Amino acid sequence: MRRGSGIAALLSLAALIAAGCGGGGSESGRATLNLWVFNEPSGSFTDAAKRCSAASGGRYKIVYNKLSNNADQQRQSLVRRLAAKDDSIDIMGMDVIWTAEFAEAKWIKAWPERFARQLRAGTLKGPLATATYQGRIYAAPANTNTQLLWYRKDLVKNPASTWDGLIAQASRLPKAGRIEIQGAQYEGVVVWFNSLVQSAGGTIVANNKVTPGPAWSKAAQVMHQLATSKAADPSLSVIKEDQARLAFEQGNAAFELNYPFIYPSAKEGNPKIFKEIGWKPYPGVEEGKPGKAPIGGINWGVGAYTKHPNEAFEAAACLRNEPNQREAAAAGGLPPTLAKIYDDPKFKKDYPFADLIRESVDKGAVRPPTPAYADVSLAIAKTVSPPSSIKVNGFVGDLSGKLNDALDSKGLI
Amino acid sequence: MSDVAVEAPARPRRKVLTGRAKAERKLGWTLCAPAAIVMLLVTAYPIAYAIYLSLLRADLRFPDDRTWVGLTNYITVLSSKLWWLDVGHTALITVVSVALELVLGMLLALVMHRAIFGRGLIRTSALIPYGIVTVVAAFAWRFAWSSAEGGFVPKLLGFDFDPTATTEGFWNYVVVILTEVWKTTPFMALLLLAGLTLVPEELHEAAKVDGASAWQRFWRITVPLMKPAILVALLFRTLDAFRIFDSVFIISNGNNPNVESVSVLGYNELLNRLNLGVGSAISVLIFLCVAFIAFLFVKGFGTSLSQQRGD
């Protein structure tokens, strides 16, 4: 008797726990869609989720689950759940570099043609490429991002258009001549390397094959040259986007390669410097050959194990519609992926560098689409950071060996 | 040998168990069973599963390619330069930090033991670093030492470089080891204090009467009598230090090839590359290293125990 009641209590406890864990159910015909994306500080994702839920006419309700602001941690949180076939991941904000990996592992659904057609219309080329894998659309470009060359108009009249020129210019400045860029051993340094390689006319990985070439050594040479010049920040090997922003905002640098979020930040952080901020396209490696700026941003993917695929596709498309992208750009500083927003005069006023961003996104350097991107990225980061210790001789052989291992998911990285 | 001797008379006794004894034995097993099952579930199962995974090509990104590869993953790890570099980093951090902790912990334990005034206050304040979450402590040390993040230490020491920059290998170790020492010396001191209280005061008094100096009394009386406590403290700390992850991870801001420990390597393979096979092989190898260290210590510990018994 007593034992029986104990077991009953245990069972009911288990039932309670199971009930508490089961998200993503539908209550009275209304689908609950779980949206997983980083914590967007301006609240534009929260607003978009509310607007889309209201516009669905009671068919679905989007619940915004906030992930970390660190891209590696976002990926880890999502991947752990996806590998366990978690059906509570309906829509997720995917960094542009995850598309191939998630698609190959069958963690996201390819977009059905009727939705994909909508996405292609009016979307910038660069962001669309990041959402495509083996000719199929796997995600909806939500916002894009790119780096510009930011400089201090009071210190530099006419910034050079190549890396060599910039380094020379910065080294000549008496103080505060630094070039701030991301040199720490993480994705940011891979972004830099990839842009240099593509600016020099090469690629890192194409069609899942490593493509070594002279562009690689040129890129390594530029990174090493900057790191060992007077223009380098002594902390270069630990600098990420935010440390670069801080150094520039505090007046410790004349140049900075970074995303546009630094502009609204400087407005609040240091109005004096803010007035002196100028911008130019991402520098190239050769005179007369424009540089290829990095492309970042996020895409909305639909989880492979969702119970409400149709509603999820619809909601993901809604989350990136014009009004929602407009708010994300205005409030959150996230550059839109829809071409027509860039033509709007009001947008241009808030975003004085809008034309330049559109141009660099259109011609930007997409990072290699490969399912083993995480390995590729780790291998590159470990080879090019700290940039001052790059061994320019033998660099190409060293990196291609590591990348070949990475693509075969072999070896330790 | 002695086991057999005990077994023999035990056997007939088992036959004459009364009903009551039988019931009690059954009850004993029933009471133990939940704990035993939980232990099996939470420790034996994951360990066995990790060993199983380490023999597969198991990559979460290529779920269809899961195949049996035998010891290939172990060969990959053991033939990789990176693994041995990381074992070296880990061993260096372990040896230096545990040695410093032993010396400082002993001093702290002596102070706590001998203090006449404010004993409670000294003991409490000495334990504060141990009470702070490791991640929080590591952040505090990183912010203090990192020039890029406005730390005060480089300014104070007049450095024109960033001690946390990955180009400054030596200083990376200084920061990591200081953090470890600061954080875990109190733990060491606590274990040593327990040993100190075991040393009878009369021996000290007798030695004093015989004209032994404080230094002689420490080395000839305190240390030999404390040996078991010292070994236990060293064992615990070495095992902990070899698995160092959080402070290295935080201080190196995710990744720093100079101070990468074996645990960070395992984390990268498992959680970034999602390569469960190789990652599990690393975990199993770390487990074997830890088991080997424990074996070394327990052997040493055993001999010292028998020596004491012989006295």
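Line by line, the protein sequences are chains A and B.
For the first sequence, the working numbering assigns the number 1 to the initial residue and increments by one for each residue that follows.
For the second sequence, the working numbering assigns the number 1001 to the initial residue and increments by one for each residue that follows.
Cβ coordinates follow ideal geometry from the N, Cα and C atoms, glycine included.
These figures come from a predicted structure and were not determined experimentally.
- In terms of beta-carbon proximity, residue 1172 of chain B stays away from the interface with chain A, with every pair separated by 8 Å or more.
- Comparing C-alpha distances from residue 1279 of chain B to each of B/1264, B/1134 and B/1220 shows the shortest one belongs to B/1264.
- Excluding the 5 residues flanking it on each side, residue 1143 of chain B has same chain C-beta neighbours closer than 8 Å at 1149, 1150 and 1151, in chain order.
- Taken atom to atom, the span from the alpha-carbon of residue 1211 of chain B to that of residue 1122 of chain B is near 31 Å.
- Spatial neighbours of residue 356 of chain A in its own chain (CB-CB distance under 7 Å, excluding positions within 5 residues in sequence) are listed in chain order as 148, 279 and 281.
- Comparing alpha-carbon positions, the option among A/388, A/342, A/328 and A/338 lying closest to residue 127 of chain A turns out to be A/338.
- Collapsing the DSSP output to three states places residue 1276 of chain B in a helix.
- Residue 358 of chain A and residue 296 of chain A have their C-alpha atoms spaced approximately 13 Å apart.
- Within chain A, the residues whose beta carbon sits less than 9 Å from that of residue 1149 of chain B are 235, 238, 243 and 246, listed in sequence order.
- From the beta-carbon of residue 1161 of chain B, the residues of chain A found nearer than 7 Å are 234.
- Scanning its chain for C-beta atoms nearer than 6 Å, with the 5 sequence neighbours on each side dropped, one finds around residue 104 of chain A the residues 371, in chain order.
- Boundaries for residue 43 of chain A: no alpha helix (DSSP H) harbours it, and the DSSP string shows neither H nor E there.
- Put simply, the CB of residue 72 of chain A is near chain B, with a gap under 8 Å to one of its CB atoms.
- Inclusion of residue 331 of chain A and residue 341 of chain A in the CB contact set at 8 Å is not warranted, their separation being larger than that value.
- In chain A, no part has a C-beta under 9 Å from the C-beta of residue 1222 of chain B; the shortest such distance is about 45 Å.
- Rounded to whole angstroms, the gap between the alpha carbons of residue 343 of chain A and residue 120 of chain A is 18 Å.
- The residues 387, 388, 390 and 392, in chain order, have a CB closer than 8 Å to that of residue 224 of chain A in the same chain once the five nearest residues on each side in sequence are set aside.
- Linking residue 377 of chain A to residue 190 of chain A through their CA atoms gives a straight-line distance of about 6 Å.
- Taking 8 Å as the cut-off, the Cβ atoms of residue 1067 of chain B and residue 1241 of chain B do not count as close.
- Rounded to the nearest angstrom, the gap between the Cα atoms of residue 1275 of chain B and residue 1058 of chain B is 6 Å.
- Contact annotation: in the stretch 369-381 of chain A, residues whose CB is within less than 8 Å of a CB in chain B are 371, 372, 374, 375, 378 and 381.
- Residue 336 of chain A carries a coil assignment under DSSP once its states are collapsed to helix, strand and coil.
- The stretch 188-205 of chain A makes no contact with the stretch 260-270 of chain A: fewer than 3 CB pairs, one atom from each, lie closer than 8 Å.
- With 16 or more other CB atoms across the displayed protein chains lying within 10 angstroms of its CB, residue 1268 of chain B is buried.
- With a threshold of 16 other beta carbon atoms within 10 Å, residue 1272 of chain B meets it and is buried.
- The beta-bridge partner set that DSSP reports for residue 1268 of chain B is empty.
- Against chain B, the CB of residue 204 of chain A has no partner CB under 8 Å away; the residue lies outside that interface.
- In the assembly as shown, residue 1230 of chain B is a buried residue. Its beta-carbon has 16 or more other beta-carbons within 10 Å.
- Here residue 1043 of chain B is exposed: its Cβ has fewer than 16 other Cβ atoms, across all protein chains shown, within 10 Å.
- Sequence-distant partners of residue 1050 of chain B (beyond 5 residues in either direction) whose C-beta falls short of 7 Å from its own C-beta, in its chain, are 1280, 1283 and 1284.
- Selection A/273, A/244, A/284 and A/167 evaluated against residue 229 of chain A yields A/167 as nearest (Cα-Cα).
- For residue 411 of chain A, the closest Cβ of chain B is nearer than 8 Å.
- Looking from the CA of residue 1200 of chain B, the closest CA among B/1184, B/1221 and B/1183 belongs to B/1221.
- Distance check between residue 99 of chain A and each of A/410, A/69 and A/138 places A/138 closest, using alpha-carbon atoms only.
- Scanning chain A for C-beta atoms nearer than 9 Å to the C-beta of residue 1066 of chain B yields nothing, as the closest lies near 12 Å away.
- Residue state for residue 345 of chain A is assigned as helix, using DSSP reduced to three classes.
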